[in-house]
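Quick note: to get the numbering used here, add 19 to the position in the sequence shown (first position is 1).
Worksheet: one structure, shown below.
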Amino acid sequence: KYKFLRQSSGKRNMPVTAAFLATAAVQTLKWDNPDRENYFSSRLYYTYQLILGRKFSEGFSLQLSPTVVHRNLVKTSAESNDVIAVAAAGRIKLTRRLAINAEYIYVLPDQLASEYVNSFSLGFDIETGGHVFQLHFTNSTSMIEKGFIAETREKWLDGGIHFGFNVSRVFTVVKPKIE
Numbered sequence: 020k021y022k023f024l025r026q027s028s029g030k031r032n033m034p035v036t037a038a039f040l041a042t043a044a045v046q047t048l049k050w051d052n053p054d055r056e057n058y059f060s061s062r063l064y065y066t067y068q069l070i071l072g073r074k075f076s077e078g079f080s081l082q083l084s085p086t087v088v089h090r091n092l093v094k095t096s097a098e099s100n101d102v103i104a105v106a107a108a109g110r111i112k113l114t115r116r117l118a119i120n121a122e123y124i125y126v127l128p129d130q131l132a133s134e135y136v137n138s139f140s141l142g143f144d145i146e147t148g149g150h151v152f153q154l155h156f157t158n159s160t161s162m163i164e165k166g167f168i169a170e171t172r173e174k175w176l177d178g179g180i181h182f183g184f185n186v187s188r189v190f191t192v193v194k195p196k197i198e
């Protein structure tokens, strides 16, 4: 992940923060079609994402992320090796220590088999001073881009809701210099 723009105001005005994300993943599950050639390179997946975000106020932020997921091997010829999607996310601070987050990932039509659906997540951040506890509800089961963008099967309205959580903590190894 490389951040090349940082939102700022004053002497240097920049309305957005922008970053580029590139990831690689390996599918480790057994391939379900033993008759088809399956090399190690067939199991590789790559994701490229431009992350554009803006903090409109102390309590409201939005993010837009055009994304490409490349899959070296797909299950059927009806599926595209390159999946193009656009993610939109938002965050609203409800109190000083509580925020609500939402993210929707729209996959452009005719790229995936009909069993796959768009990902939607709703989450809560609870800040305790030293830690941030994130509680998420989503129709996706994967934590990496190739999974939650190109392999989501569950539907919210059919009860396909999953729960996950993160705990994060910032550690400072070297104190920054104060100018």
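Even glycine gets a Cβ: it sits at the ideal position worked out from N, Cα and C.
(message) Please identify the residue among Leu83, Leu154, Asp51 and Ala169 whose C-alpha is closest to the C-alpha of Asp129.
(response) On the sequence shown, residue 129 is found 110 positions in, with the first residue counted as 1. For the residues Leu83, Leu154, Asp51 and Ala169, the minimum Cα distance to Asp129 belongs to Ala169.
(request) Keeping to the same chain, check which residues put their C-beta closer than 6 Å to that of Gly72; ignore five residues upstream and five downstream. (result) Walking along the sequence shown from the start, residue 72 turns up at place 53. The residues are Thr36 and Gln82.
(request) Starting from the C-beta of Ser84, find all residues in its chain whose C-beta is less than 6 Å away, skip the five residues before and the five after it, and write them out in chain order. (result) As a position in the sequence shown, residue 84 is number 65, starting the count at 1. Counting only Cβ-Cβ distances below 6 Å, and skipping sequence neighbours, we find Gln68, Ile70 and Ala106.
(request) Could you check which residue in Glu98, Ala97, Gly78 and Thr171 has the C-alpha nearest to that of Ala118? (result) Looking up residue 118 in the sequence shown gives position 99. It is Gly78.
(message) Considering just the uninterrupted stretch of the beta strand (DSSP E) at Ala37, what are its terminal residues?
(response) Translated into the one-based positions of the sequence shown, residue 37 becomes position 18. Where Ala37 is concerned, the enclosing beta strand (DSSP E) starts and stops at Thr36 to Val45.
(message) At the level of alpha carbons, what is the spacing between His150 and Leu141?
(response) Walking along the sequence shown from the start, residue 150 turns up at place 131. Walking along the sequence shown from the start, residue 141 turns up at place 122. Take the alpha-carbon of His150 and the one of Leu141: they are about 20 Å apart.
(request) Rounded to whole angstroms, what's the CA-CA distance from Asn91 to Thr114? Just pull it up for me. (result) Against the sequence shown, residue 91 aligns to sequence position 72. Against the sequence shown, residue 114 aligns to sequence position 95. Looking at the two C-alpha atoms, the distance is approximately 45 Å.
(message) Quick check on the DSSP output: the beta strand (DSSP E) that includes Ile111 runs from which residue to which?
(response) Mapped onto the sequence shown, residue 111 falls at position 92. Under the DSSP assignment, Ile111 falls in the beta strand (DSSP E) whose first and last residues are Asp101 to Lys112.
(request) With 9 Å as the threshold, decide whether the Cβ of Thr66 is near any Cβ in chain C. (result) Annotation note: the requested chain C is absent from the structure, which comprises a single protein chain.
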